[in-house]
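> Chains as they are written, first to last, in the working numbering: chain A, 1 to 111; chain B, 112 to 227.
Every residue, glycine too, gets a C-beta built ideally from N, C-alpha and C.
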Amino acid sequence: ETGVTQTPRHLVMGMTNKKSLKCEQHLGHNAMYWYKQSAKKPLELMFVYNFKEQTENNSVPSRFSPECPNSSHLFLHLHTLQPEDSALYLCASSHWGFGEFFGPGTRLTVL
Amino acid sequence: QQQVKQSPQSLIVQKGGIPIINCAYENTAFDYFPWYQQFPGKGPALLIAIRPDVSEKKEGRFTISFNKSAKQFSLHIMDSQPGDSATYFCAAITNAGGTSYGKLTFGQGTILTVHP
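1) Using a C-beta cutoff of 8 Å, does A/Val-60 count as contacting chain B?
2) Find out if the Cβ-Cβ distance for the pair A/Leu-88, A/Gln-6 is shorter than 8 Å.
3) With B/Tyr-212 as the anchor, note down where its beta strand (DSSP E) starts and where it stops.
4) B/Asp-195: which of B/Val-165, B/Arg-172, B/Phe-217, B/Lys-116 sits nearest, CA to CA?
5) Using the Cα positions of A/Glu-56 and B/Glu-137, report the straight-line distance between them to the nearest angstrom.
6) Under three-state DSSP, which class holds B/Pro-193?
7) Give the straight-line distance between the Cα atoms of A/Pro-66 and A/Glu-44, rounded to the nearest whole angstrom.
8) Which stretch, first to last residue, makes up the beta strand (DSSP E) that contains B/Lys-168?
9) For A/Pro-69, which three-state DSSP category applies?
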């Protein structure tokens, strides 16, 4: 499989659940990103990892916990989310900062 | 100063028309300007990008025009087709290639509809 893949594509969870989003890039890129895309809002950068080290945390609430075990894999662990966290969560990767390649996203609904 | 302002918010054209989407920025440290195309339910896809030392770049039916002095850039879609209907985002990056990772600043997006 090529490009950036994300699983699951859709997720419905209750406010007390714990779930994880997974992202994998097959492009040999050094940096990986999590974005949140809500309706009628610009894309919001959440986290950046460069060579598996976190370099950016854009004031994201602690109920979102990222993990990057290596340069090809990125996770977003979710716990005690709120309904306003419902959104499309996008993973991306880039090679030396020359534009980001996005995955298809995970559509998250928090009940 | 990190903002990228994009207009219009929405745009409707007939097939064959040439929609133009405009973006403006303030931060002169931006040195790479990509455009993204996003279809409903999909992630944004990198469409075309330009460096500020180039005034125009063409890839197929897509053209970026860049005005460094005005700090503005625009996307033109030649001979637009209904399949081009999507949301388009401009973006800007500082120090592309210099820090080993970039951080995109996105415009607000333009919803383009191309009628048959």
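Reading from the atomic positions:
1) With 8 Å as the cut-off, A/Val-60 does not count as an interface residue toward chain B.
2) Against a cut-off of 8 Å, the Cβ pair of A/Gln-6 and A/Leu-88 comes out as no contact.
3) Run containing B/Tyr-212: none; DSSP gives neither H nor E here.
4) B/Arg-172
5) 22 Å
6) Collapsing the DSSP output to three states places B/Pro-193 in a helix.
7) Roughly 15 Å separates the two Cα atoms.
8) Element bounds for B/Lys-168: 167-170.
9) strand
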